[in-house]
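>
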Amino acid sequence: MVKNRKRAASTAAPANNSDMFTVSFTCSVENENPELCRKVKNAFYTAGQIISSSIKLNTPLIVNASLVNFCTTRGICLDGPTGRLTLGGAGPSRLIPIEKDQRVYPQSILKQLNKENHPEYSPYDINALFNSEGNYWFEEDGPIKPNQSDFLFVILHELIHGLGFCSGWDDHSDMLGIQNIITPTPLFLTTITGQVIFGGFREFIFDKFMVLLSDGTRISNLTEELNKFSGVGTTHNSMDDFLNYFMNTFPSSPEYQIVQKMMNISTTPKSLGILPLNKTDIKDAFILETSLSPFLPKSSISHCDYITYTKSSDFLMRYLQDPGISLKRSIRLGGNYVNGPIGPKLAETLSLIGYQIQNLPNTFKPNPNEIVVDDEINIASSLKAFNLNYLIIKFLFFYYIMMDF
Numbered sequence: 119m120v121k122n123r124k125r126a127a128s129t130a131a132p133a134n135n136s137d138m139f140t141v142s143f144t145c146s147v148e149n150e151n152p153e154l155c156r157k158v159k160n161a162f163y164t165a166g167q168i169i170s171s172s173i174k175l176n177t178p179l180i181v182n183a184s185l186v187n188f189c190t191t192r193g194i195c196l197d198g199p200t201g202r203l204t205l206g207g208a209g210p211s212r213l214i215p216i217e218k219d220q221r222v223y224p225q226s227i228l229k230q231l232n233k234e235n236h237p238e239y240s241p242y243d244i245n246a247l248f249n250s251e252g253n254y255w256f257e258e259d260g261p262i263k264p265n266q267s268d269f270l271f272v273i274l275h276e277l278i279h280g281l282g283f284c285s286g287w288d289d290h291s292d293m294l295g296i297q298n299i300i301t302p303t304p305l306f307l308t309t310i311t312g313q314v315i316f317g318g319f320r321e322f323i324f325d326k327f328m329v330l331l332s333d334g335t336r337i338s339n340l341t342e343e344l345n346k347f348s349g350v351g352t353t354h355n356s357m358d359d360f361l362n363y364f365m366n367t368f369p370s371s372p373e374y375q376i377v378q379k380m381m382n383i384s385t386t387p388k389s390l391g392i393l394p395l396n397k398t399d400i401k402d403a404f405i406l407e408t409s410l411s412p413f414l415p416k417s418s419i420s421h422c423d424y425i426t427y428t429k430s431s432d433f434l435m436r437y438l439q440d441p442g443i444s445l446k447r448s449i450r451l452g453g454n455y456v457n458g459p460i461g462p463k464l465a466e467t468l469s470l471i472g473y474q475i476q477n478l479p480n481t482f483k484p485n486p487n488e489i490v491v492d493d494e495i496n497i498a499s500s501l502k503a504f505n506l507n508y509l510i511i512k513f514l515f516f517y518y519i520m521m522d523f
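Those letters in the sequence shown? Residues 119 to 523, per the working numbering, in order.
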C-alpha cells in the first residue's frame with residue numbers, strides 16, 4: 119500500500135497481501151515533474167508486492183519514502199569527470215540493541231519476532247530517500263536505454279537493505295577517530311548526567327551468520343575477541359573525551375590487530391560469506407562483496423559478490439546496478455527463477471535474520487512471449503555505459519547506536 123504525503127499522486131487500492139507493507143511517500147518535485155512522482159509511487163507499490171510475496175509479515179511495516187533533488191537539497195551532485203551519480207538509499211529507521219543476544223536488530227525484524235520488552239518503536243520501519251535527478255526507466259516507458267536505471271530495481275534493492283541486509287562491520291572513523299580500520303557498530307550509553315559509557319562493539323544480526331570462507335571461522339569469534347578491549351565499559355564526560363581516549367589507547371592494544379586483519383579480509387575477493395549456523399560446507403555460503411580496494415563504506419561486505427552473482431538468480435544485492443538492464447531482464451539472465459528477483463540465497467539470508475519466507479507465486483516475471491534482442495549484445499552495451507557513468511547504490515542510516523542509561 120502507498121499512502122500520500124503532501125502532493126503525491128494517488129494510486130489504486132492494493133490487494134490485501136500488500137497491506138502489510140505500506141509506503142508513506144513524499145515527492146518534493148511534484149510541481150516540476152508530477153509524472154515522475156506518479157511513476158515512482160507506483161514503483162514503490164510494486165516493490166511492496168514483490169516483498170510481500172516472498173516474506174510473510176505478521177506485523178505491518180511502514181516505509182518513509184521521499185523523492186528529492188539531491189544536488190539542490192543536499193549538495194550531492196553528479197561527480198564530475200567520473201560521472202558517478204548517487205541514486206539514493208534506504209535503511210532501518212531504528213537499530214535496537216538486544217542485550218541477551220549482544221547484537222543489534224533493525225526495528226522491522228523485531229516487530230516480526232514479537233519481541234517482548236522492546237523500546238518504543240519509531241513510527242516508520244524503513245527510511246528511503248531517492249534522487250529525482252537519476253535517469254530512471256519505468257515499465258511503461260518502452261525499451262530501456264543503455265544509460266537508464268530501472269527504478270524498481272533500485273528501490274527493491276534498497277528496501278532489502280532496510281529490512282536488514284547490512285553488516286555492522288564498516289568504517290566508523292567518524293565516531294572512533296581512527297582511519298583505515300573497520301569494526302562492528304560502536305555502542306554508547308548516556309547517563310542522566312550526560313556522561314558517555316563505551317559499551318563495546320555490536321554486530322548486526324546479519325553478522326551472526328558471517329564466516330571466513332578460507333576456513334569457516336565465524337566472524338562473531340573475532341567480535342568476541344575485539345570486545346576484550348580494556349576500554350569497554352569506561353565512562354567519559356563527553357563524546358569528545360571518549361574520542362581522545364580511544365585514539366590514544368586502541369592502536370596500542372592487542373585488539374587493534376583484529377580490526378587490521380578484518381580490513382585486509384574485507385578487501386580480499388571472496389573472503390567472506392553468509393552461512394547458516396547448521397551448515398559447515400563453504401560451498402553453501404552466500405559470498406559477500408570483498409573485492410573493492412580500498413574498502414568502500416556501505417558497499418563492501420553489505421552486498422553480495424558482484425562477479426559471482428551477475429547473471430544469476432541472486433543478482434539483486436550486488437553493489438552496482440547495470441545501466442540499461444531492467445529488473446525483468448536481470449531475472450531472465452539469472453535463469454527465470456520462480457520467485458523472481460528474490461533469489462534463493464537472498465531468501466535464505468532473510469530467513470536467517472528473522473523473517474518468515476513464504477515464497478508465494480511471484481507475479482513479477484519476464485513475459486515469455488516478449489521479443490527481445492540478444493542478451494549478450496545488451497550486456498556489452500550496458501557495460502560500456504557502466505564504465506562511463508556507473509551508478510552507485512547506497513543505503514543510508516546511522517551506524518552508531520546511542521542508548522539512554
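For glycine and all other residues, C-beta sits at the position ideal for the given N, C-alpha and C.
1. For Asp259, which three-state DSSP category applies?
2. For chain D, check one thing: does any of its Cβ atoms lie closer than 7 Å to the Cβ of Glu153?
3. Sort Gln230, Asp243, Cys195, Leu185 by Cα distance to Leu213 and report the nearest one.
4. Less than 8 Å between the CB atoms is what I'm expecting for Thr140 and Pro178, so what's the real figure, rounded?
5. So the beta strand (DSSP E) Met328 belongs to, where does it begin and stop?
6. For Cys155, which three-state DSSP category applies?
7. In the DSSP assignment, find the unbroken alpha helix (DSSP H) run with Leu274 in it and report its ends.
8. For Phe306, tell me which candidate among Phe433, Cys195, Gly349, Leu231 has the shortest Cα-Cα distance.
9. Going by the CB atoms, is the gap between Phe347 and His354 shorter than 7 Å?
10. Write down every uninterrupted run of the alpha helix (DSSP H) in the stretch 314-385 whose length is 4 residues or greater and which is fully enclosed by it, in chain order.
11. Closest to Ser240 by CA distance: which of Thr301, Ile273, Ile180 is it?
12. Across the stretch 420-439 and the stretch 400-409, are there enough close Cβ pairs to call them in contact, namely three or more that are closer than 8 Å?
13. Between the stretch 293-307 and the stretch 180-194, do at least 3 Cβ pairs fall closer than 8 Å?
14. Output the boundary residues of the alpha helix (DSSP H) element that contains Ile216.
15. Going by DSSP, which residues form a beta bridge with Ile180?
16. Would DSSP call Pro224 helix, strand or coil?
17. Take every Cβ of the stretch 259-279, pair it with every Cβ of the stretch 313-325, and state whether three or more of those distances are shorter than 8 Å.
18. Given Val377, which residues of its chain have a CB within under 8 Å of its CB, disregarding the five upstream and five downstream residues?
19. For Phe248 versus Leu154, is the C-beta spacing smaller than 7 Å?
20. On the DSSP letters alone, give me the boundaries of the alpha helix (DSSP H) that Ile425 sits inside.
21. For Pro261, count neighbouring C-beta atoms within 10 Å of its own C-beta (all shown protein chains included) and say buried if the count is 16 or more, exposed if not.
22. Counting C-beta neighbours from all protein chains within 10 Å, is the total for Glu217 16 or more, i.e. buried, or is it exposed?
23. Are Pro224 and Pro237 closer than 7 Å when you measure CB to CB?
24. Quick check for students: name the residue ranges of the alpha helix (DSSP H) that lie wholly in the stretch 406-479, counting only runs of 4 or more.
25. How many angstroms separate the CA atom of Leu410 from the CA atom of Ile310?
26. What is the DSSP secondary structure of Lys107, reduced to helix, strand or coil?
The short version:
1. The sequence position of residue 259 within the sequence shown is 141, counting from 1. Note: Asp259 maps to helix in three-state DSSP.
2. Annotation note: the requested chain D is absent from the structure, which comprises a single protein chain.
3. Sequence index remark: in the sequence shown, residue 213 carries index 95 (1-based). Ranking Gln230, Asp243, Cys195, Leu185 by Cα distance to Leu213 puts Asp243 first.
4. Start at 1 with the first residue of the sequence shown, and residue 140 comes out as number 22. Start at 1 with the first residue of the sequence shown, and residue 178 comes out as number 60. Their Cβ separation, rounded to whole angstroms, is 6 Å, which keeps Thr140 and Pro178 in contact under 8 Å.
5. Taking the first residue of the sequence shown as position 1, residue 328 is located at position 210. It spans 328-330 - the beta strand (DSSP E) in which Met328 sits, taken as one unbroken run.
6. The residue labelled residue 155 in the question sits at position 37 within the sequence shown. Three-state DSSP puts Cys155 in a helix.
7. The residue given as residue 274 occupies position 156 in the sequence shown. First-last of the alpha helix (DSSP H) with Leu274: 269-281.
8. Position 188 of the sequence shown holds residue 306. Comparing Cα-Cα distances from Phe306 to each of Phe433, Cys195, Gly349, Leu231, the minimum goes to Gly349.
9. Your numbering for residue 354 matches position 236 in the sequence shown. Your numbering for residue 347 matches position 229 in the sequence shown. No. Outside cutoff.
10. 337-344, 357-367, 374-384
11. The count along the sequence shown starts at 1 and reaches residue 240 at position 122. The shortest Cα separation from Ser240 among Thr301, Ile273, Ile180 belongs to Ile180.
12. yes
13. no
14. Taking the sequence shown and counting its residues from 1, the one referred to as residue 216 is at position 98. No alpha helix (DSSP H) holds Ile216; the beta strand (DSSP E) holding it covers 213-216.
15. Along the sequence shown, one-based indexing puts residue 180 at 62. Its beta-bridge partners are Thr140.
16. What you label residue 224 is simply residue 106 of the sequence shown in a count that begins at 1. Three-state result, Pro224: strand.
17. no
18. Counting from one through the sequence shown, the residue named residue 377 turns up at place 259. Only Ile299, Ile300, Thr301, Leu344 meet the Cβ criterion.
19. Taking the first residue of the sequence shown as 1, we reach residue 248 at position 130. Taking the first residue of the sequence shown as 1, we reach residue 154 at position 36. Their beta carbons are not under 7 Å apart, which means Phe248 does not touch Leu154 by this criterion.
20. For the purposes of this step, residue 425 is identified with residue 307 of the sequence shown, where counting begins at 1. Run containing Ile425: 424-427, per the alpha helix (DSSP H) assignment.
21. Position 143 of the sequence shown holds residue 261. It counts as exposed.
22. Position 99 of the sequence shown holds residue 217. Exposed is the call here.
23. Taking the first residue of the sequence shown as 1, we reach residue 224 at position 106. Taking the first residue of the sequence shown as 1, we reach residue 237 at position 119. No.
24. 424-427, 445-451, 462-471
25. Stepping through the sequence shown from its first residue, residue 410 is reached at position 292. Stepping through the sequence shown from its first residue, residue 310 is reached at position 192. Cα to Cα, the separation comes out at about 42 Å.
26. Residue 107 cannot be examined here, being either before or after the span of the chain that is shown, 119 to 523.
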